[in-house]
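J.: Below is one structure. I have some questions about it.
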């Protein structure tokens, strides 16, 4: 449950971090990573990994497992940043893969 909340929080941050005048989805993805403090040594590899996130989710892999794989493949990456990376990738490349949340205001 904690990981899902962390993922949802990261998605909320991404919505605020996307640049207004990006040249393309890849540029928006890289800018969102930078804005949230997720670093990467090679932009092309970061983009490929971001697109892999959507491929994995599209094949039925749970987002928690995707985050774990991102972290395993990048040993210096903290779990929090792996979750941010996966959320940013999903927001950029496959927004339909993100869990939908709703606010329950109680009985009306």
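In mature numbering (1 follows the signal peptide of the UniProt record, and there is no 0), the protein residues as written are -22 to -1, 1 to 86.
A virtual CB, placed ideally from N, CA and C, is assigned to each residue, including glycine.
In terms of residues, what are the limits of the alpha helix (DSSP H) holding residue 5?
T.: The sequence position of residue 5 within the chain shown is 27, counting from 1. 3 to 13 is the span of the alpha helix (DSSP H), which, as asked, contains residue 5.
J.: Just to check my reading of the structure: residue 64 and residue 45 have Cβ atoms closer than 8 Å, yes? What is that Cβ distance to the nearest angstrom?
T.: Here residue 64 is taken as the residue at index 86 of the chain shown, counted from 1. Here residue 45 is taken as the residue at index 67 of the chain shown, counted from 1. Rounded, the Cβ-Cβ distance is 5 Å, consistent with contact.
J.: Taking its Cβ as the centre, do 16 or more other Cβ atoms sit within 10 Å of residue 68, making it buried, or is it exposed?
T.: Taking the chain shown and counting its residues from 1, one reaches residue 68 at position 90. Buried: at least 16 other Cβ atoms inside 10 Å.
J.: Taking the runs of the alpha helix (DSSP H) that are 4 residues or longer, which of them lie wholly in the segment 27 to 78?
T.: Listed in chain order, the complete alpha helix (DSSP H) runs (minimum 4 residues) inside the segment 27 to 78 are 41 to 51, 57 to 71.
J.: Alpha carbon to alpha carbon, what distance is there between residue 72 and residue 32?
T.: Locating residue 32 in the chain shown gives position 54, where the first residue counts as 1. Locating residue 72 in the chain shown gives position 94, where the first residue counts as 1. If I take the Cα positions, the gap works out to 6 Å.
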